[in-house]
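Colleague: Sharing a structure with you now.
Residue numbers (this note's numbering): 52 to 322.
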């Protein structure tokens, strides 16, 4: 056990350093992990390195973490894909879409899967992820917010799914949660017009759980984290698992799943 914990601590320390090199800060304080996109001079634009850093954080996340907060340094959450990726030169050391386009199908698919891995782990039942969103959340930034379980937003937030306007599709796991949150018709409207969704609409259609004045965003997130941590950890994991599976089950199947989870909880508490 001690050896495993030592390896985990070493992996965490290595990941903190590696993430920082790629413009991502990663901090753990007990049961709370905070991921900060830290390229404010670029409005926290994302690159292949950003997605690799996010994926590695998910792989090395300490077991005690229950809540993960994702935020952006400066006035923007994330303005989306670094525009240098659209140029032939690309991002130094990372290539560009032009270079990626010359890859064979298997290599290209693998690269997309690697990028998506940085977003998928935020939905694990073992954690609750919160996006603290201010300013621009465009394209990849919007999808990173959608990858989280909850979105607490500042009143200056600007959500926009820019990819179709650039000739691309949203491929960082954002389309499914968007449809689940706002419905198919509204998702089509948001994506195929590439229009901006501001705070009032985001709250009204279910994109945001809470809207606050910008200066109150950090405190609102701290308050929500405290509420989440006040709930029994094992019960929270089991309940999230039930909620995540609900849409794919019939009422009868969901009832059976509830019974199985409850049996396990009662046995753990009173057995």
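Built from N, CA and C at the ideal position, the CB exists for glycine as well.
1. Would residue 240 be called buried (16 or more neighbouring beta carbons within 10 Å of its own) or exposed?
2. Can you tell me whether residue 258 is helix, strand or coil according to DSSP?
3. May I have a chain-ordered list of the alpha helix (DSSP H) segments no shorter than 4 residues that lie completely inside the stretch 142-222?
4. Quick check on residue 159: buried or exposed, where buried means 16 or more other Cβ atoms within 10 Å of its Cβ?
5. Is residue 114 helix, strand or coil when you go by DSSP?
6. Need the endpoints of the beta strand (DSSP E) that residue 282 sits in, please.
7. Check whether the Cβ atoms of residue 203 and residue 216 lie closer than 7 Å to each other.
8. I need the straight-line Cα distance from residue 209 to residue 166, nearest angstrom please.
9. Considering only the alpha carbon of each residue, which of 176, 64 and 120 lies closest to residue 277?
10. Alpha carbons only, please: which of 222, 321 and 135 is nearest the one belonging to residue 335?
11. Smallest Cα separation from residue 94: which of 131, 118, 63 and 79?
12. When you compare only the Cα positions, how much space is there between residue 211 and residue 308?
13. Can you name the start and end residues of the alpha helix (DSSP H) that residue 235 belongs to?
14. Helix or strand or just coil, what does DSSP make of residue 313?
15. Which one of 72, 103, 139 and 197 has the shortest CA to CA distance from residue 90?
16. Mind checking which residues open and close the beta strand (DSSP E) that includes residue 83?
Modeller: In short:
1. exposed
2. In the structure shown, residue 258 sits in coil (DSSP, three-state: anything other than H, G, I, E or B).
3. 148-152, 156-171 and 191-198
4. A residue is called buried when at least 16 other Cβ atoms come within 10 angstroms of its Cβ; residue 159 does not meet this threshold and is exposed.
5. Note: residue 114 maps to coil in three-state DSSP.
6. Neither: residue 282 is in no beta strand (DSSP E) and is coded neither H nor E.
7. Against a cut-off of 7 Å, the Cβ pair of residue 216 and residue 203 comes out as no contact.
8. 23 Å
9. Residue 120 holds the alpha-carbon nearest to the alpha-carbon of residue 277 among 176, 64 and 120.
10. In this structure the chain extends from 52 to 322, so residue 335 is not present and cannot be described.
11. 131
12. 37 Å
13. 235-244
14. helix
15. 72
16. 83-88
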